[in-house]
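Written below as structure tokens is the structure these notes are about.
Chains as they are written, first to last, in our numbering: chain G, 1 to 318; chain P, 319 to 636.
And the structure:
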């Protein structure tokens, strides 16, 4: 299922998706190097990696070229999941997205070239589509106007990877994720609502009008989607893009209702108003994932179940 | 014709397109600040600016935030033409495009925000389309796979500008140029061929198979196109993209024939082979420019005339 991957380095491997991917690769018999600077990554997510004979952990930054080149030794594949994932506050630190997403990807690609590692799976985002005219949005949607610095930096990183495929014979598979939910979920609306309701179950403030429609995917399905796509692109020079999401959307208010019910809360919901929660928020995210489904992949968990599983995980791990 | 522009700062204003734009704006009664680090810009292109009462020149780098903020004082519009324009050798210095195109644009936007200057015309490139499926290629072509680091860095800069329009109420007009020809042309295939034929008129080496089809636009038409589009977007928060080119293509071999004939040369042409001149070269560039034409703009000079005018300028200024 992991194709020809024998030893994989995962940047951001101590994070939510990264640590789930690490556990899955180890279970598949793949050697794993978790590479993380632990700015947001968590040691407690790496219990499985640290206790596995095939698991390695390197605490270092992607911008530390020396550490990176050493860690890449013997690897055949990189899953690049490290990123500044703070979409919402991008405008407050306008250089951060470019530096931590675009430039870091460029540095990583150079280190890979030096180390002779030429396969990368890259975690991009559905936010590259800005506010698309076409919904569900396919991978070859009309070239969008970016609405967030996060989206702009992800487009830059995608483009840099593709130029390496074209110019240096790299294999690059880009994953444009919807929001991911599940075990080890650490930031996003579910945790915000969960904490707010745990603090005060009687009321809840929701950014925007609550009718923003979003897609969520369970992290196990996300990892399976990544491995399915990687296995389909073994050739040097291959550059491919896959949307990774479900066929469903839920409104923010629906999501609130699911969370509140699980917690036995009946909050008065106060909307801040406007069709976007913040500048750059997309009022509607629904990706056309037929390209990935055509490879035999499909999500196993419906969205409401993914939300519930996330809440349950937060209950025992908060 | 320059819309509401009263005082414009032009990054890269001592370069080919920038200095032509500066002269045109001054002729239109606009105050002009040429901002250039003179790494490739030329003093001799600024005779008109230096002798004009409304013309200012600041020698500084776009990454010099202090100089930039001072130079922006009193300006209402920025034309951002500074760039690393070395498309062909991008793979030899993989960080340069991101730094000099994407990061520099980000720094400039921040300086503009501090200075309260919120209108930018940005010189992007048709190379953002990679190798498009759709030709002539419209602005909303299917989201492409990037084939050059230059294209990836321009997409990043475009996206950053658009995020500033969305988040900070900037007005951003993006120009996706074809190759530009005319007076003060300083790099590209015409000068390469011109120099080679002046050195040895009996033979000429051409990268690729010579059948790459390109579009060229005369610099006067390019400047007119920029001003036309800027005038059409006065509103804060406006983000627009315009292709700027002609309806024609010429093959590289055609271009060689025009240049050789003008120089009275009959070279034996040797092709290095392959449908691309270099990795990231696009075998066919033809942009759909109906959006800009709908504003009343159209090129005045056919491609062959633009090539000849360039050769004639090189003859008297080489």
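We treat Cβ as the ideally placed atom computed from N, Cα and C, and that holds for glycine.
DSSP state of residue 1 (chain G) mapped onto helix, strand, coil
In this prediction, residue 1 (chain G) has a pLDDT of 37, which is less than 50 and means its spatial position is unreliable; what the coordinates show is noted afterwards. Three-state DSSP puts residue 1 (chain G) in coil, outside helix and strand.
If you draw a straight line from the C-alpha of residue 547 (chain P) to the C-alpha of residue 360 (chain P), how long is it?
Distance between the alpha carbons of residue 547 (chain P) and residue 360 (chain P) is about 27 Å.
Mapping DSSP to helix, strand and coil, what is residue 309 (chain G)?
The answer is helix: DSSP assigns residue 309 (chain G) an H, G or I state.
Is any beta-carbon of chain G found at less than 8 Å from that of residue 488 (chain P)?
Chain G contact via Cβ: absent.
Could you check which residue in P:524, P:336, P:577, P:355 has the C-alpha nearest to that of residue 544 (chain P)?
Considering only alpha carbons, the answer is P:336.
Option nearest residue 177 (chain G) by Cα separation, candidates G:281, G:80, G:127
Nearest C-alpha to residue 177 (chain G): G:127.
Using 8 Å as the cut-off, can you tell me whether the stretch 189-198 of chain G makes contact with the stretch 251-261 of chain G, which would need three or more C-beta pairs spanning the two stretches below that distance?
With a cut-off of 8 Å, the stretch 251-261 of chain G and the stretch 189-198 of chain G count as touching, because enough Cβ pairs lie within range.
Which partner residues of residue 438 (chain P) appear in the DSSP bridge assignment?
Partner(s): P:396, P:490.
Name, please, each residue of chain G whose Cβ falls closer than 7 Å to the Cβ of residue 473 (chain P).
Taking a Cβ-Cβ cut-off of 7 Å, the neighbours of residue 473 (chain P) in chain G comprise 155, 156, 159, given in sequence order.
What is the DSSP secondary structure of residue 608 (chain P), reduced to helix, strand or coil?
Helix.
In chain order, what are the residue ranges of uninterrupted alpha helix (DSSP H) at least 4 long that sit wholly in the stretch 19-100 of chain G?
Taken in chain order, the unbroken stretches of alpha helix (DSSP H) that lie wholly in the stretch 19-100 of chain G and span 4 residues or more are 47-50, 65-72.
Using a Cβ-Cβ distance cut-off of 8 Å, determine whether residue 387 (chain P) contacts chain B.
Chain labels in this structure do not include chain B; the protein chains are G and P.
Closer than 8 Å is the cut-off here; do at least three beta carbon pairs connect the stretch 354-371 of chain P with the stretch 410-420 of chain P?
No, the stretch 354-371 of chain P is not in contact with the stretch 410-420 of chain P.
Which residue comes first and which comes last in the alpha helix (DSSP H) that contains residue 270 (chain G)?
That residue, residue 270 (chain G), is in no alpha helix (DSSP H); its beta strand (DSSP E) goes 268-271.
With residue 338 (chain P) and residue 501 (chain P) assumed to form a contact (beta carbons below 8 Å), what rounded beta-carbon distance in angstroms separates them?
Indeed, because the Cβ distance is near 7 Å, the residues count as touching under 8 Å.
Is the shortest distance between the beta-carbon of residue 2 (chain G) and the beta-carbons of chain P less than 8 Å?
With a pLDDT of 41 at residue 2 (chain G), under the threshold of 50, the predicted position of this residue should be treated as unreliable, and no value is reported.
Proximal chain G residues relative to residue 598 (chain P), where beta-carbon distance stays under 9 Å:
Those within 9 Å of residue 598 (chain P) in chain G are 163, 166, 167.
With a cut-off of 8 Å, does the C-beta of residue 400 (chain P) fall near any C-beta of chain G?
At a cut-off of 8 Å between beta-carbon atoms, residue 400 (chain P) makes no contact with chain G.
Can you list, in chain order, the residues of its chain with a C-beta nearer than 6 Å to that of residue 208 (chain G)? Leave out the 5 residues immediately preceding and following it.
Close CB contacts of residue 208 (chain G) within its chain, under the 6 Å cut and outside five residues either way in sequence, are with 274, 276, 277 (chain order).
Just verifying my parser: in three-state terms, what is the DSSP assignment at residue 275 (chain G)?
Reduced to three states, the DSSP call for residue 275 (chain G) is coil.
Note down, in chain order, every chain P residue with its Cβ under 8 Å from the Cβ of residue 100 (chain G).
For a Cβ distance threshold of 8 Å, nothing in chain P lies close to residue 100 (chain G): the least Cβ distance comes to about 12 Å.
Close-in-space but distant-in-sequence residues of the same chain around residue 197 (chain G) (CB under 7 Å, 5 per side omitted):
Leaving aside the five residues that flank residue 197 (chain G) on each side, the residues in its chain whose CB is nearer than 7 Å to its CB run, in chain order, 204, 259, 260, 263, 265, 267.
From which residue to which residue does the alpha helix (DSSP H) around residue 424 (chain P) run?
Unbroken alpha helix (DSSP H) run through residue 424 (chain P): 422-433.
Between P:621, P:573, P:565, P:625, which lies nearest to residue 453 (chain P) when the distance is taken from Cα to Cα?
The shortest C-alpha to C-alpha distance from residue 453 (chain P) to any of P:621, P:573, P:565, P:625 is the one to P:565.
Do you know whose CA, among P:568, P:441, P:419, lies nearest residue 474 (chain P)'s CA?
The closest CA to that of residue 474 (chain P), considering only P:568, P:441, P:419, is found on P:419.
Go ahead and pull the three-state DSSP assignment for residue 325 (chain P).
DSSP places residue 325 (chain P) in strand when its eight states are reduced to three.
Using beta carbons (cut-off 8 Å, strictly below), is residue 118 (chain G) in contact with chain P?
Chain P contact via Cβ: absent.
Compare the C-beta of residue 148 (chain G) against all C-beta atoms of chain P and say whether one is closer than 8 Å.
Yes, residue 148 (chain G) counts as interfacial toward chain P.
In the DSSP assignment, find the alpha helix (DSSP H) that holds residue 573 (chain P) and state where it starts and stops.
Its alpha helix (DSSP H) spans residues 570-580.
Cα-Cα separation between residue 314 (chain G) and residue 110 (chain G), rounded to whole angstroms:
Cα to Cα, the separation comes out at about 38 Å.
Let's test the definition: count the other Cβ atoms within 10 Å of the Cβ of residue 436 (chain P) and tell me whether it reaches 16, buried, or not, exposed.
Residue environment analysis places residue 436 (chain P) among the buried positions, since at least 16 neighbouring C-beta atoms fall within 10 angstroms of its C-beta.
Less than 8 Å between the beta carbons of residue 352 (chain P) and residue 375 (chain P), yes or no?
Contact flag set, yes.
Can you list the residues of chain P that residue 111 (chain G) reaches, using a CB-CB cut of under 7 Å?
Simply none; closest approach about 11 Å.
Would you kindly report the start and end of the unbroken alpha helix (DSSP H) that includes residue 206 (chain G)?
Judged by DSSP secondary structure, residue 206 (chain G) falls outside any alpha helix (DSSP H) and instead within the beta strand (DSSP E) spanning 203-206.
From which residue to which residue does the alpha helix (DSSP H) around residue 129 (chain G) run?
It is not in any alpha helix (DSSP H) - residue 129 (chain G) carries neither H nor E in the DSSP assignment.
What residues from the stretch 202-232 of chain G come within 8 Å of chain P, judged by C-beta to C-beta, listed N to C?
Under the 8 Å Cβ criterion, the stretch 202-232 of chain G contributes no residue.
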